Structures are given as structure tokens and as C-alpha cells.
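Residue numbers (our numbering), protein chains in the order written: chain X, 58 to 842; chain A, 2 to 498.
Backbone N, C-alpha and C define an ideal beta-carbon position, used for all residues, glycine too.
Note that the structure is a prediction, hence the values are computed from the model and not measured.
Working notes, structure below.
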């Protein structure tokens with residue numbers, strides 16, 4: 058049914074009543090715009106004095122109206138779009154005699170009438186849309202019309218402007234971050250928390266910058282270093298470490314949807330680890346973000362491209378590739394190009410470009426034509442949709458040899474490679490670009506109008522001087538006026554340090570995305586990042602040195618009530634460790650961790666049979682899991698072999714990305730299966746034992762000293778007297794269980810492959826191992842600090 | 002639940018704990034679990050705090066059903082690989098009469114073919130090598146390959162007019178399980194867990210059982226993302242129950258320890274975690290304690306439900322000899338019934354091996370034998386327990402097979418390629434018309450001529466029986482409202498009782 062806006066001569070009584078309430082409630086409000094970000098109960102919420110389009114109105118229009126009255130030209134109902142002022146104010150109907158919005162005139166604005174209508178034929182949104190407006194939202198829209206129905210351009214599509222930095226107040230704060238944060242806390246009647254305890258702070262910084270807990274030596278050194286710049290020196294050291302590079306690379310694996318298999322059906326192995334080694338190298342060198350991205354998008358098109366720059370373009374070959382017999386190759390080749398396009402959107406633009414594949418974007422100003430214009434940048438790879446043979450590496454690729462690894466590509470770890478040379482997929486441009494078309498409904502076999510490389514107008518027009526290829530696209534991304542690139546990147550760095558970005562939807566800066574909690578701060582950071590050479594490590598250091606970052610995580614009932622989601626940062630967020638960190642910590646504190654860098658992925662402990670029970674018999678080397686041996690069992694989780702159709706269950710349980718598509722943010726969940734992994738995964742049990750063994754052999758004096766040794770390594774702090782007492786009693790209880798043969802050391806101590814020396818008292822070790830195992834399960838142990 | 006309520010509840014818990022004293026932590030899992038009941042809240046992806054139902058299990062997102070539900074749970078017997086409807090349910094004598102003739106272009110009518118047969122010079126029609134007869138009051142045609150199914154046709158509703166768009170396994174199975182051909186969306190069971198929650202505090206709401214067919218032992222693979230939670234909270238992921246040493250991954254206590262060891266460990270953890278909670282104030286710690294208790298309960302409840310030793314002989318006779326061999330389809334059907342008895346919301350079986358491109362007559366005979374008796378027994382068993390009334394049972398694969406032979410057609414041998422335009426499934430149980438044959442295909446068994454049912458229609462109908470309007474069970478992710486049926490799906494009213 059097509060719904061037309063029509064004008065009724067009389068404004069109904071209930072609308073008048075609502076308007077009255079709206080105006081009445083407005084007078085009670087004293088909030089300022091920037092203070093309105095904390096979610097509060099709608100029933101008690103008061104209308105703002107001045108309704109702001111960006112913060113108050115557009116989120117409602119976008120979410121509830123744009124589907125039929127938004128940027129998708131072909132989906133417009135009743136000839137009305139609410140996307141721009143011009144469209145929204147125009148005369149409607151055959152007679153051109155009525156208006157959805159007449160600024161400052163709610164009686165003439167049918168929008169107001171329709172949102173209050175109880176007639177199901179008139180009601181907006183219509184009942185069949187399954188969307189509705191709350192009373193508060195209706196009052197807000199009404200007040201907005203009343204105040205002039207002002208439209209503003211979408212915040213994220215205007216380039217960042219250097220904001221005024223709030224003054225430092227009450228002697229709180231180290232750098233500009235703090236002044237922005239403090240100002241908003243004050244507006245909301247909140248105060249920052251005290252500084253975190255030094256050992257907790259060190260733990261947090263260590264995990265955030267290296268993915269590992271501080272070592273006992275680092276803790277001791279730091280706690281005894283009274284110099285003013287102790288923390289800064291420590292941060293510098295962490296940022297210079299290879300651990301930091303590996304930790305940064307771990308996040309990039311999600312964004313780049315890296316895996317060791319092709320991802321569909323029989324899921325054959327592929328060799329992309331030399332590309333992964335390059336990522337580690339790039340972070341180790343602190344390659345500026347603009348170069349880091351340019352190499353990956355267009356390294357092959359750079360003048361006199363080096364082998365390293367070409368290798369970097371493997372980024373856009375990490376997508377899944379099918380080998381399923383019988384598929385129509387063009388259908389899948391189209392998917393690969395679409396994947397690259399969507400990845401550009403999610404990773405660099407913070408836009409859900411995939412939504413404009415079948416039709417114009419419903420919420421953002423990206424038309425289907427523009428989608429396919431972006432698509433055409435990635436459509437010129439001399440590739441095929443179906444793998445020619447299941448164990449062949451699909452073209453195009455470069456061959457990386459042991460010789461290269463000893464020379465120009467010396468960051469590649471070739472020592473464990475079974476082959477002297479390996480093919481690594483990379484990007485390449487066809488001599489004559491493939492023709493690109495708008496695909497009707499996004500379908501590979503329904504091409505319509507031909508399109509050419511170009512970028513969405515609303516974001517930033519594509520300058521003439523850029524070549525119409527991926528290199529030009531990279532240049533466009535890093536144009537000074539680009540509104541998204543720096544914001545999206547710096548927001549992700551913030552997310553890494555605070556768990557949530559200033560824009561919480563780090564993948565979506567569009568109309569349906571979250572609004573920045575601190576828009577000025579985001580712009581400030583974006584411009585700083587951009588103007589100071591896209592220096593990733595400097596930005597991380599800058600954040601780490603802020604007082605905001607260094608606050609305690611302690612939360613009071615008052616804070617929990619006022620700001621449950623901690624949007625204003627009156628405390629530091631208390632965050633669970635990532636899947637990688639949980640396993641790597643267990644390995645690190647027990648001393649099992651093998652710090653070898655790079656090389657082919659390895660296969661640590663995994664429950665028996667899980668590859669075998671789902672395979673169709675194909676898959677070659679991925680049909681059955683052949684566990685690594687010796688030191689290879691204890692590599693960092695970054696190096697765990699990633700079979701996409703059956704990813705490592707212990708990591709998936711802790712919310713690792715499946716690597717099917719580009720992902721810039723993981724879930725943070727708390728589930729019973731996580732408990733089972735920490736209680737029963739042989740890796741945790743083995744690490745507990747080795748940790749206990751180290752305690753036993755180095756802390757001979759007392760059980761308290763041994764427990765303290767374990768506890769401190771797991772949590773980065775000393776146990777309180779009551780904790781120590783409780784754990785000592787627990788140790789005694791465990792020892793009693795050993796003596797009563799409830800626990801059998803000969804079995805419990807054999808889990809994993811690490812062998813216990815003969816001379817050790819097995820009963821004591823078993824009791825201490827169980828204690829250590831318990832400590833590795835503490836909530837605090839799997840929390841950053 | 003408002004934040005205020007949460008805080009009140011939290012202090013209530015703390016007071017209750019203070020009242021009960023530390024010893025309360027030692028009473029054991031159940032006591033602690035219920036003690037923590039009301040404080041076990043969690044954040045969903047939209048940042049909303051959700052309360053545990055307290056009475057056990059996890060509350061779903063829907064406060065109330067959209068309409069009265071006919072069933073509480075679903076058992077989905079997924080036949081992976083694409084069973085041939087022409088050998089099992091869709092009787093087409095014309096194909097036998099015109100055996101060897103080329104598929105008329107007017108019938109193919111532009112259908113795209115997979116790369117496996119698109120290069121064939123001809124498409125020789127081939128009818129079923131196996132006989133068909135009519136059974137039951139409905140007079141449904143059933144193949145000689147399915148003698149047990151034939152006996153229960155009056156209990157099931159056979160849909161001959163299913164269709165899909167996908168022509169290859171990976172996208173087709175993914176489509177059936179998630180409503181989208183491209184990976185990344187939540188599976189049906191995850192949607193149900195999210196929407197309806199769980200009614201059993203000791204078992205996951207969504208369980209998965211795998212078996213390998215004897216028709217083509219090295220058939221098509223499966224992928225764990227088929228039972229993945231996609232963008233929903235990982236509490237909603239399907240949990241695989243395995244015929245292995247660890248019936249659920251990481252379920253077993255470490256070698257050399259006992260339940261008493263584990264209990265002591267959990268009590269110790271709860272005590273220290275709670276101490277830390279008092280200092281840090283983070284409610285997530287309480288939730289962690291509750292999750293450990295759920296894990297502990299699963300350690301008992303999973304082996305209990307998996308242990309079929311006490312099932313009487315007559316039950317084993319019903320399900321067939323295979324039911325005693327763990328990991329077979331028959332054994333999994335029996336487990337499905339046991340899980341249904343425990344009110345598990347969505348019980349998903351996958352039986353592999355239906356992908357018969359060649360050597361079809363030989364392979365399908367074995368494959369049908371794997372599933373026929375046990376599928377029928379499951380229906381009969383549920384019925385005799387009065388459970389068929391509130392359980393929905395579904396049987397079917399991801400697409401059908403072509404009416405022409407893939408590869409050489411000989412006197413005794415032929416194969417069939419994938420066919421998306423028509424295939425057969427059956428549904429049985431609460432609210433579905435029993436003894437019905439729905440939809441029709443043309444005499445070539447190539448096109449639907451009456452009552453087509455799309456994959457999304459099937460999904461919409463399944464949700465409907467559970468009391469859910471498929472257009473209203475949504476999750477907002479990346480700025481878009483997602484649902485199982487994407488933007489499609491119509492209720493198939495004709496098959497509802």
C-alpha cells in the first residue's frame with residue numbers, strides 16, 4: 058500500500074496536548090548539548106531547551122524514517138525524503154498544497170500530525186514497518202519543528218575542525234585528553250576517579266601495548282623507580298618491543314580477515330604468513346599509518362614498487378576464496394571484489410558500504426552507483442573466481458624465497474618453512490581494466506550501467522589529479538580534507554586503550570552509527586594524528602600518559618547508576634583480556650612462552666577430532682589436525698593456525714573473530730563455555746603446573762611465598778593477607794585431597810607435554826598446581842587491571 | 002530492568018549472602034546458582050543489561066510471544082548434501098518413461114547450472130530406480146527406500162515444493178541455517194535462544210549433533226559457523242554434543258581429579274572473586290561466578306543426557322541397531338528425544354553424505370537406511386510421550402537434485418547434480434497438519450507448479466509455530482535491523498492445523 062501524506066484541516070486534540078507537554082517539560086531542562094550523552098530513563102527524561110538536529114533528531118529520523126524517506130531514491134514513499142532540508146520542506150501532493158514540515162509551524166506540518174495519528178492508515182511509522190516512536194521522541198520531533206526544523210550536515214562527513222581545548226581545571230589532567238574529559242564530567246556533576254595503583258597501571262599498560270602481563274622484574278623495577286618520567290620511559294620501552302608489534306598485528310589480523318585457509322567448503326590451506334610477518338615488521342618500524350595503509354591498498358602501484366610494498370598488498374587477498382566444485386566462477390569473483398570494497402568501508406572509512414550493493418544506501422549518502430564506482434577500483438585483478446586446483450595458490454601471487462628472507466625481506470621468518478620458496482597472493486592491476494557495471498540487486502549476472510573509479514561525493518569528491526586506480530584511492534583517503542580516515546583510525550586506537558571508541562560503533566560513522574561521546578576530543582585527536590605524521594606509537598603513548606587512561610577501575614553504585622556504560626570516563630573501564638591475551642598470559646607467566654617471531658602458523662593443543670568430524674575428506678592438509686610438537690606448542694596465539702571453517706575453539710569461546718570478513722571490534726562476553734576452557738583446557742593446566750613448579754623451586758622457604766609468587770605473576774599484585782590465608786587453606790585442602798587419593802598426581806601432572814623433574818615431590822606439586830590453576834581462573838587474572 | 006533495580010538487587014544479594022554467611026558458598030552448585038539467580042545479569046550487544054530469569058535458564062529478549070505458540074522446541078534433522086527428492090518422495094513416472102531423452106529446453110527454462118554439469122553435451126532424463134507406493138490415509142507416494150517413513154505418513158506433512166536460490170553446498174546450507182547465503186549471520190537456533198531464552202538452567206538452549214552418512218562417507222563438509230551466533234551474544238551459539246571423550250568441548254575434569262576437587266576449586270574461586278567484587282564493584286564479576294556454576298552444572302547434566310544406557314530395549318528396537326553406536330544418526334535421534342525431554346529449545350542434527358553426483362542408486366540406498374527407521378522412530382517416540390504436540394520436527398536438506406543424469410547414464414547407474422528449483426522436506430508435530438502432502442512439481446520433477454515454499458517461508462513458518470512473528474524478532478547491528486528471514490518470508494498458512 059502506498060501511503061500519501063495528506064493534510065487534515067484540524068490538529069487533533071491529543072497532538073495539542075502533547076505539544077503542551079513538550080513545551081512544559083522543556084522549561085525544566087538545564088542541560089547543555091554536550092552533557093546529554095548518558096542514557097537515562099525515558100520516562101523521567103526532560104526535553105532539551107534547544108533541540109539539536111545532530112544529537113536529538115537525526116538519530117530518530119535515520120533509524121525510524123529513512124528506510125522509506127531517506128537517501129535511497131528508489132525507496133521513497135509518498136514522494137517525501139527527510140534526508141535534506143530542501144526535500145523535507147517541499148510541497149507535497151498533486152496539488153502541491155501540503156507539507157511534511159513547515160518550520161516553526163507544527164499545525165501545518167503533517168509530519169507532526171502523522172506521528173501522533175492513531176489511524177493505522179496514516180500513522181508514521183506505519184504499523185507494518187514494525188517501527189515506532191516513543192512519546193519522548195514524538196515530543197522531541199515536534200519541538201524541533203516548532204523551533205525551526207533546522208537541518209545540519211552529518212557530522213562525520215565534515216572535516217574535523219581544531220576545537221578549543223577546555224582549560225585545565227582543579228589541577229586535574231596531564232594532557233589535552235584530560236581537559237576535554239574533565240569538562241564533560243563536570244557538566245554532568247561527576248568527578249574523575251583516583252589514579253590506579255601503580256602495579257595495576259603497569260598491568261594495564263603492558264596488556265594494552267604488548268598483549269602480555271608485566272614480568273616480575275618489570276614490576277619490581279617500575280615500583281622502585283621514583284623518577285618523574287618512570288612511566289614514560291617504561292612506555293617507550295614497551296612501544297619499542299617486538300611484543301608491541303605482534304600485539305598490534307593481532308588486531309590487524311581481524312581487520313584484514315587473515316587466515317591460513319581459503320574459508321569455503323573443504324577449506325584448503327593457503328600461505329599468507331609472509332604477509333603477516335610483514336605486518337609485524339611494519340608495526341615494529343612504526344610505519345606511519347598513511348604509508349601502512351597505502352602499501353596495503355596499492356603497494357604494487359607505487360613508482361618503482363619494492364617487493365615489500367607488493368607483499369603488503371596481500372591485505373586484499375586475505376578474503377575467502379572458494380574451491381567448491383561446480384560453483385559459477387564469476388559469482389564468486391564478484392564476491393571477492395565486493396569483500397574488498399566492504400573492507401575499505403569498514404576498516405578505513407567507517408561506512409557500511411555493503412548496504413549500498415543492492416540499492417542506494419538506506420541511511421547514508423552512498424548510492425548504488427557510488428558503491429560500484431568504489432567496487433571498480435578493486436575489479437581489475439587478474440584473478441579467477443574458482444580455484445583452478447584445490448592445492449594451487451590462486452593468481453596473482455609473488456614467490457617469496459628463502460633467499461629473499463635472508464635479504465630484502467629479512468623480516469620473514471623462513472626457518473620453519475617446509476618449502477624453499479612459497480607463493481603469496483598479492484594484488485596486481487590488469488593491463489586493460491575490466492569493465493565494471495552497476496549490478497542490479499548486486500547480482501553478478503545482472504550488469505546494468507557501466508561505471509568508472511570514483512568515490513562517494515558526500516564524503517569527499519575524487520580530485521582530478523588522482524589516478525583512477527587503487528593508488529589514487531589511497532591518495533584520496535589521505536587527503537588533508539578527508540573527513541573520515543583520521544577519525545576512524547584514531548577512534549580505533551582509542552578503542553584499543555579504552556575498550557570502546559569515542560564513537561562506539563567503530564565500524565560505522567554513518568547516520569545509523571553512534572554519535573561521538575566527545576566530538577571535540579575526537580577531532581582534536583584526529584587532527585593531531587594527521588598533522589603529526591600519522592604516528593601510531595606516539596598516539597598510543599599520548600593516550601597512555603593521560604590521567605583519564607590512568608584512573609582506577611573501581612566503580613561505585615553511584616557511578617554505575619549515573620553512567621552505567623561509562624561513556625563519560627569517570628573511571629577506567631574494567632576489561633576482560635582478549636582470547637590471545639588469556640592464553641599468552643598463561644604461557645608467559647609460566648615461562649613456557651616461546652617468543653619466536655613470525656613464520657608458518659603452528660598447531661597448539663586442540664580437542665581431538667574436531668577437524669576430522671566435519672571434513673568431507675577433502676581439504677588436504679586441513680582434513681586432520683596434526684598437533685605441533687616441542688616449542689611450537691608454546692608460540693603466541695597470533696601464530697595459531699587459523700582454519701576458517703573450524704577455528705580454534707578455545708579462542709572462539711573468548712570472542713575471537715572468525716575471520717570470515719573484516720571485523721574492527723570483538724564482542725566481550727561472559728559465558729559458561731569460557732569457564733570450561735579455563736578449567737579444563739590442557740594448556741591452562743600445563744601452564745598452571747609449570748608456574749607451580751617454578752614457585753616450588755625458586756621459593757623454597759614457605760608455601761605462602763610460593764602462593765605469593767604465583768598470585769603476583771597472574772594478577773600483577775601481591776595477595777592481601779586474607780587472600781593469602783584463604784589460598785593457603787585451599788592449598789592444604791588440595792594436599793589433603795592428594796593424600797586421600799582424591800587427586801592422583803601421576804595423572805594430573807601428566808597433562809600437556811611438559812615433564813616434571815623426577816626429584817620433585819609430586820604430591821606437593823599437585824596441590825600447588827591446583828592452587829595455581831585456581832589462581833589462573835580468577836576473574837582478576839583474566840582482566841586487564 | 003532499570004539500573005536502579007539492578008543496584009537494589011545487588012545489595013539484596015549482598016545482604017542475603019551476608020545473612021547466609023560464607024558457608025553458603027560451599028553448599029554446592031545448585032544452591033549458589035539459585036542464590037545468584039537474580040544477580041546474574043549480563044549486557045547484550047546493544048549495551049542493555051538483561052536479567053537472568055532467576056527461575057533457571059536464561060530469559061530471551063521477547064517479553065511476551067507475538068502470538069500463542071504451538072510448540073516449545075524444534076528438532077531439525079538436517080540432511081546435508083541435498084537428498085534426491087526423486088528417489089525418496091517426488092514420484093515421477095514420466096522420467097522413467099522418457100528415460101534417456103534430453104531435458105526439454107522449455108522445462109529447463111534458463112535455469113543456471115553448476116559447473117559440474119554445465120559442460121555436459123546432453124541432459125538425459127532419468128527416473129527413480131526404486132519403486133513407489135501410496136501410503137496412509139493421505140495416500141502419499143513414498144519410495145521403497147523409506148519403509149518406516151511410509152508407515153508414518155499420516156503423522157507428517159510432506160512439502161514437495163521447496164525451493165532455494167543457491168546451487169552450491171556452502172551457500173545453500175548457510176542459507177537454510179542463517180537466512181543468508183553469505184556467512185556471518187546467526188543460525189536459527191541462535192535466533193531462538195536470543196528470542197526465547199532457555200528453559201533449562203543446566204543445558205545450552207541450542208545443541209548440535211553430527212553424524213556421517215554411509216552413502217558417501219567422504220561427502221560434503223560442515224562448518225562450525227553453521228551453528229554460530231553471528232553478531233548475537235555468544236551465549237546463543239550452538240553447542241556441539243559429541244560422541245567423543247569430551248561430549249562438549251572442554252567438559253571433562255582434568256585427569257587425576259574428581260568432582261570434589263572441582264567443587265572445592267569453584268568454591269575457592271567464588272570466594273576470591275567475591276572478595277574482589279566487594280572492592281571493585283564490577284557486577285561482571287558476579288556474572289562470572291554464575292557462569293562458572295552453570296559450567297559446573299553442565300558437567301553433570303551433559304553426561305547424564307548423553308548416557309542412554311538405561312533406555313529400555315523396546316526403545317532401541319524402535320530406533321534400530323545403529324542407536325547403540327554413538328555418533329550415528331540413529332543414536333543422535335535418540336539423544337534428540339532426550340534433549341527435548343530436557344526442554345532444550347533447538348536441537349539440530351546434521352547427517353552428512355547426501356551429495357550423490359554419481360553412483361546414486363547404490364549410495365542413496367545406504368544413506369536412506371541410515372535415517373529412515375530412526376527418523377520414524379523419533380516421531381513415534383515423541384508421540385507416545387505426548388511430546389509431538391509441543392515439538393516441531395523438520396527433515397530436509399539444502400536443495401534437491403536434477404531430473405537428468407550427471408555423467409553417464411547406464412542401465413544400473415546414474416548421478417544427479419544439485420537442483421534448487423524444487424525439492425522435498427517434511428515437517429511434523431505441534432500445529433502442523435499431519436498426513437498432508439503440500440505443493441506439486443511438474444511431470445518432469447523440475448519446476449514447481451503449485452504452492453511454492455521458499456527457504457525464508459519455511460523459516461517464517463517455523464518461527465510462527467514457536468509464537469514468533471518473523472518480522473519482529475530483530476537485532477540491530479551495524480545500523481541495520483537484521484532478522485532470520487532477511488527482508489522476505491511468508492507464513493505457509495496452508496500447512497497449519
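Contacts with chain X (Cβ-Cβ distance below 7 Å) from the segment 208-222 of chain A involve 211, 219, 220, 221, 222, listed in chain order. Under the criterion of beta carbons closer than 8 Å, residue 337(X) and residue 481(X) do not qualify as touching, at roughly 15 Å.
Taking 9 Å as the cut-off between beta carbons, the residues of the segment 542-568 of chain X near chain A are 561, 562, 564, 565, 567, 568, in sequence order.
Per DSSP, the beta-bridge partners of residue 163(A) are 424(A), 454(A). Close CB contacts of residue 290(A) within its chain, under the 6 Å cut and outside five residues either way in sequence, are with 271, 274 (chain order). Residues of the segment 106-135 of chain X with a Cβ closer than 7 Å to any Cβ of chain A: none. As far as DSSP is concerned, residue 408(A) takes part in no beta bridge. Contacts between residue 718(X) and chain A, judged by CB atoms closer than 7 Å, involve 185 in chain order. Look at residue 158(A) here: in three-state DSSP terms it is strand. Within the segment 162-188 of chain X, contact with chain A at the beta-carbon level (separation under 7 Å) is assigned to 187.
Closest by C-alpha distance to residue 200(X), out of 424(X), 825(X), 794(X), 161(X), is 161(X). In the DSSP assignment, residue 134(A) falls within the unbroken beta strand (DSSP E) covering 133-136. Residue-level contact by beta carbon fails for residue 817(X) and chain A, as no gap is shorter than 8 Å.
Contact annotation: residue 734(X) and residue 833(X) have beta-carbon atoms that are not nearer than 8 Å. Residue 348(A) is bridged by DSSP to 76(A), 208(A). Between residue 421(A) and residue 429(A), the C-beta spacing is not below 8 Å. Those residues of the segment 163-182 of chain A placed with their C-beta closer than 8 Å to a C-beta in chain X are 168, 169, 170, 171, ordered along the chain. Rounded to whole angstroms, residue 615(X) and residue 295(A) show a C-alpha spacing of 30 Å. Only those residues of the segment 248-259 of chain A whose C-beta falls short of 8 Å from the nearest C-beta of chain X are listed: 249, 250, 251, 252, 253, 254, 255, 256, 257, 258, 259. If the five residues before and after residue 344(X) are omitted, its C-beta is found closer than 7 Å to no C-beta atom of its own chain. Going by DSSP, residue 478(X) is part of no alpha helix (DSSP H) but of the beta strand (DSSP E) stretching over 478-482. Contact of residue 382(X) with chain A is assigned, a C-beta pair being separated by under 8 Å. Going by C-alpha positions, residue 811(X) is about 50 Å away from residue 383(A). Under DSSP, residue 392(A) shares a beta bridge with 74(A). Here residue 353(A) really is in contact with residue 221(A); their C-beta atoms are around 6 Å apart, less than 8 Å. Taking 8 Å as the cut-off, the beta carbon of residue 825(X) is found closer than this to the beta carbon of residue 788(X).
For the pair residue 222(X) and residue 581(X), the CB atoms are nearer than the 8 Å cut-off.
For the segment 818-829 of chain X, the set of positions with a beta-carbon nearer than 9 Å to some beta-carbon of chain A reads 823, 827, 828 in chain order.
By the Cβ neighbour-count rule, residue 424(A) is buried, with 16 or more other Cβ atoms within 10 Å of its own.
One alpha carbon belongs to residue 395(X), the other to residue 442(X), and they sit about 12 Å apart.
Using a Cβ-Cβ cut-off of 8 Å, residue 272(A) is close to 783 of chain X, given in chain order.
A distance below 6 Å between beta-carbons, with the five flanking residues on each side excluded, links residue 133(A) to the following residues of its chain, in chain order: 92, 142, 144. Residue 294(A) is not bridged by DSSP to any residue.
Residue 209(A) has its alpha-carbon roughly 49 Å from the corresponding atom of residue 759(X). Nearest to residue 399(A) by C-alpha distance, out of 457(A), 416(A), 437(A), 72(A), is 457(A). Apart from the 5 residues on each side of it in sequence, residue 479(A) has no Cβ closer than 6 Å to any other Cβ in its chain.
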